[in-house]
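See structure below.
Following this line, the structure appears as structure tokens:
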């Protein structure tokens with residue numbers, strides 16, 4: 005039936021989303037470095053593997069050396085030296101039970117590591133997926149450290165294990181303590197970092213939203229599972245970068261994999277939702293925000309929303325009550341091509357044909373990228389008289405530098421609000437408004453296709469100031 009086929013298709017997609025054959029040496033090294041980063045280290049992982057391997061070798065050697073020997077006159081007179089178990093320090097750890105236990109630890113933990121290296125995509129190789137296996141890792145590490153101590157004793161101090169049992173035991177205990185202290189000191193900075201960088205407190209964040217929730221509010225977040233758990237809804241799944249791994253129906257109407265919330269993937273969509281909904285909540289965290297969101301999103305966040313709450317890396321924003329809404333589309337189209345790389349789609353004046361307080365001119369430019377850009381360009385905005393005299397100007401990177409042009413994505417629309425300061429003694433009348441892009445290091449302007457200004461500038465039009 006169609007339902008069965010859909011179910012099987014979704015099951016296959018889920019499995020293929022989780023697993024795929026992927027293996028390179030560089031990725032494997034990076035994998036270990038990530039899994040055991042904070043508070044672990046790659047070197048500790050390798051030391052554990054080597055130490056545990058040596059431990060298995062020592063186990064086999066110890067079991068051979070530990071076979072009882074016929075008593076001699078010397079051994080009869082010295083009961084301590086005649087006890088083979090006393091010769092083998094911590095002999096219980098060399099028993100068949102602990103041999104099997106060590107093998108169990110390695111099979112369980114090792115196979116999980118092997119699966120993550122070979123069958124999982126890099127984005128699935130995340131430390132949080134191994135948290136439940138950390139006790140096994142610590143047991144293996146402890147067992148490896150112990151075997152390393154035994155190896156040192158057998159290699160460097162053989163007399164301690166043959167004639168001085170008490171001294172040998174004291175050596176093992178002190179050496180183990182010293183190694184543990186050494187490992188702790190080597191990881192101290194990472195342990196401190198781990199203490200001050202906990203997982204984002206989404207439970208508290210959504211509790212703040214719930215406490216101030218009003219009818220008609222909407223919620224946007226990347227963490228839709230937490231939103232569903234603590235608030236019961238998520239009206240939009242917000243993410244810009246690397247979104248495909250979290251989406252279903254990518255070819256039609258993409259939604260997130262957990263709640264089926266619609267994907268809000270651009271700053272323009274984000275801005276449109278803010279304009280359409282007087283009270284919009286946005287919940288994120290300081291870890292995901294710089295990774296999955298670009299500067300244009302951050303610019304809208306900074307100008308259109310207020311930070312309501314922050315704690316343990318979690319952030320809660322709400323629409324600013326006194327904000328000036330950004331337009332979602334230009335009031336006037338110009339459609340000017342700049343070097344076949346960027347198109348100036350149009351602009352909007354806020355409010356149209358006037359400034360708000362007599363000393364500023366608010367304008368919003370709409371750019372669209374046609375091809376990837378290698379350089380960071382600066383925007384210039386000139387207000388000129390009819391005879392070409394510049395009476396006011398502004399030079400700044402788009403979105404005040406939060407989203408440089410080198411990071412713009414092809415076919416992306418960038419909404420760039422600008423404020424042009426006007427001289428206090430500027431006479432009322434008609435003025436011309438020019439804009440364009442240039443490289444700050446060379447001052448060379450980006451060529452304007454079919455330029456009519458003679459200076460690679462775009463004439464936005466004539467405006468009248470009161």
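Numbering (my numbering), first residue to last: 5 to 470.
Idealized CB from N, CA, C, for every residue including glycine.
In this text the structure is predicted, and so the values were computed from the model without any measurement.
Would you kindly report the start and end of the unbroken beta strand (DSSP E) that includes residue i?
{"i": "residue 420", "result": "417 to 425"}
{"i": "residue 274", "result": "Here residue 274 belongs to no beta strand (DSSP E); instead the alpha helix (DSSP H) covers 271 to 280."}
{"i": "residue 296", "result": "Segment 293 to 296 is the alpha helix (DSSP H) holding residue 296; no beta strand (DSSP E) there."}
{"i": "residue 438", "result": "433 to 443"}
{"i": "residue 285", "result": "284 to 289"}
{"i": "residue 383", "result": "381 to 388"}
{"i": "residue 371", "result": "364 to 373"}
{"i": "residue 240", "result": "240 to 242"}
{"i": "residue 261", "result": "Unbroken run through residue 261: none, as it is neither H nor E."}
{"i": "residue 399", "result": "394 to 400"}
{"i": "residue 458", "result": "Here residue 458 belongs to no beta strand (DSSP E), and DSSP marks it neither H nor E."}
{"i": "residue 430", "result": "It is not in any beta strand (DSSP E) - residue 430 carries neither H nor E in the DSSP assignment."}
{"i": "residue 224", "result": "222 to 225"}
Which residues in the same chain have their Cβ closer than 6 Å to the Cβ of residue i, if we skip the five residues on either side of it in sequence?
{"i": "residue 350", "result": "334, 336, 337, 338, 370"}
{"i": "residue 74", "result": "Note on residue 74: pLDDT 49, under 50, position unreliable in the model; the coordinate value appears next. Excluding positions up to five away in sequence, the list is empty."}
{"i": "residue 212", "result": "313, 320"}
{"i": "residue 303", "result": "403, 406"}
{"i": "residue 318", "result": "204, 205, 206, 209, 289"}
For residue i, which residues of its own chain have a beta-carbon under 8 Å away from its beta-carbon, when the five flanking residues on both sides are left out?
{"i": "residue 396", "result": "365, 386, 387, 424, 425, 426, 427, 430"}
{"i": "residue 463", "result": "436, 437, 438, 456, 457"}
{"i": "residue 316", "result": "202, 203, 204, 205, 208"}
{"i": "residue 400", "result": "382, 383, 422"}
{"i": "residue 375", "result": "344, 345, 414"}
{"i": "residue 218", "result": "283"}
Under DSSP, the alpha helix (DSSP H) around residue i begins and ends at which residues?
{"i": "residue 210", "result": "206 to 215"}
{"i": "residue 228", "result": "228 to 234"}
Quick check on residue i: buried or exposed, where buried means 16 or more other Cβ atoms within 10 Å of its Cβ?
{"i": "residue 136", "result": "exposed"}
{"i": "residue 449", "result": "buried"}
{"i": "residue 434", "result": "exposed"}
{"i": "residue 329", "result": "exposed"}
{"i": "residue 182", "result": "exposed"}
{"i": "residue 225", "result": "buried"}
{"i": "residue 184", "result": "exposed"}
{"i": "residue 298", "result": "buried"}
Taking the Cβ atom as the reference point for each residue, do residue i and residue j lie within a distance shorter than 8 Å?
{"i": "residue 245", "j": "residue 295", "result": "yes"}
{"i": "residue 418", "j": "residue 300", "result": "yes"}
{"i": "residue 352", "j": "residue 378", "result": "no"}
{"i": "residue 504", "j": "residue 109", "result": "Absent from the model: residue 504. The displayed extent of the chain is 5 to 470, so no value can be given."}
{"i": "residue 220", "j": "residue 283", "result": "yes"}
{"i": "residue 186", "j": "residue 232", "result": "no"}
{"i": "residue 452", "j": "residue 440", "result": "yes"}
{"i": "residue 274", "j": "residue 260", "result": "no"}
{"i": "residue 243", "j": "residue 281", "result": "no"}
{"i": "residue 267", "j": "residue 238", "result": "no"}
{"i": "residue 113", "j": "residue 140", "result": "yes"}
{"i": "residue 373", "j": "residue 420", "result": "no"}
Note down, in chain order, each residue of its chain lying with its Cβ closer than 7 Å to the Cβ of residue i, except the 5 sequence neighbours on either side.
{"i": "residue 323", "result": "278, 282, 283, 284, 308, 309"}
{"i": "residue 443", "result": "379, 381"}
Any beta strand (DSSP E) of 3 or more consecutive residues that is wholly inside the region 302 to 346: 309 to 315, 318 to 323, 336 to 342
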